Amino acid sequence: ARPATARVFFALWPPAAIVEQLADIARSAASQLGGKATRPESIHLTLAFLGEVAESRLPLLARTAASVRAAPFELQIDTLGYWSHNHLLWAGCSAAPSELPGLAAALQQQLAAAGFVVADAGRPFAPHLSLLRKIPVAHPPKILPPIVPLAWSCTGFVLVRSQLSASGPEYKILAEFPLVP
Ligand code: 3AM
């Protein structure tokens, strides 16, 4: 029998107040553009996507993430972006602090050292929070409206399991890792 696996990734998970505001933006964009708004409980910023990992290796995966040393930082979510290659509207930072790519790189490095394969490890890190998928090609957003900047204090990151279903992925947080000053 094949070993049981889990589809997993690491992410920053916004606090409820930020989620609410991003979900509002996603819903109003969906009403204007069509497409599928990310459900509030699914809004996140991916740090590293691993894909299928044997369930037996999840404890090692969590220990590896716990070995990452990084300080908390503040993100200003202040801009919207649109990617035509995957018809995706996202929220992000016009100027992310270096701690954000620093955290993603440190995590990737520890994961690689422990023998985990990070998907897209060779590609530049493009931090974003997906808000609206499958925007009909007939309605790509030409001008993205400004948004009220959201201040997000990032004090930890999470390991998430993604369960794919007909109604879209369901995310379950398996473990949390604090960022310590
Ligand atoms: O953060 P977003 O929502 O853009 O698209 C998947 C989602 O991205 C992405 O990981 C996030 C959580 O599922 N993802 C899925 N498969 C991927 C892959 N093979 C992937 N990212 C990189 N490589």
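Residues 11 to 191 (UniProt numbering) make up the sequence shown, in order.
We put the CB at the ideal spot given by N, CA and C, even for glycine.
From a predicted model like this one, the values you see are computed outputs, not experimental measurements.
**Request:** Sort Pro137, Arg133 and Ala76 by Cα distance to Leu169 and report the nearest one.
**Result:** Among Pro137, Arg133 and Ala76, the Cα nearest to that of Leu169 belongs to Ala76.
**Asked** Going by the CB atoms, is the gap between Val18 and Arg133 shorter than 7 Å?
**Response** Cβ distance not < 7 Å, so Arg133 and Val18 don't count as in contact.
**Message:** Using the three-state DSSP reduction, which class does Gly61 fall into: helix, strand or coil?
**Reply:** Of the three classes helix, strand and coil, the one that applies to Gly61 here is strand, per DSSP.
**Message:** What would DSSP say about Gly91, mapped onto helix, strand or coil?
**Reply:** Here Gly91 carries a strand assignment [DSSP, helix/strand/coil].
**Request:** Using a threshold of 7 Å, state whether the C-beta atoms of Ala40 and Leu142 are closer than that.
**Result:** The Cβ atoms of Ala40 and Leu142 sit closer than 7 Å to each other.
**Request:** Take Arg49 as the anchor and find which of Tyr181, Leu189 and Ala185 has the nearest alpha-carbon.
**Result:** Ranking Tyr181, Leu189 and Ala185 by CA distance to the CA of Arg49 puts Tyr181 first.
**Asked** For Leu141, does the three-state DSSP call read helix, strand or coil?
**Response** Correct three-state label for Leu141: strand.
**Run of the beta strand (DSSP E) containing Arg12, from where it starts to where it stops** = Boundaries for Arg12: no beta strand (DSSP E) harbours it, and the DSSP string shows neither H nor E there.
**Residue environment, Leu110, which counts as buried when at least 16 other CB atoms sit within 10 Å** = Leu110 is buried by the Cβ-count criterion.
**Message:** Assuming Phe20 and Leu57 are in contact, meaning their beta carbons sit under 8 Å apart, how far apart are those beta carbons, in whole angstroms?
**Reply:** About 4 Å; that satisfies the 8 Å criterion.
**Asked** Per DSSP, which one or two residues make a beta bridge with Thr56?
**Response** Ala21, per the DSSP bridge assignment.
**Request:** Take Val147 and list the residues in its own chain whose beta-carbon comes closer than 8 Å to its own, dropping the five residues that flank it on each side.
**Result:** The answer, listed in chain order, is His97.
**Request:** Could you name the residues of the same chain whose beta carbon sits closer than 8 Å to that of Gln86, not counting the 5 residues immediately before and after it, in chain order?
**Result:** So the list reads Cys103, Ser104, Ala105, Pro159, Leu160, Ala161 and Trp162, once near-sequence residues are dropped.
**Request:** Kindly indicate which residue of Ala16, Pro25, Ile153 and Ala122 has the alpha-carbon position closest to the one of Tyr92.
**Result:** Closest by alpha carbon: Ile153.
**Prompt:** Is His149 buried or exposed, if buried means 16 or more other CB atoms sit within 10 Å of its CB?
**Reply:** So His149 counts as exposed.
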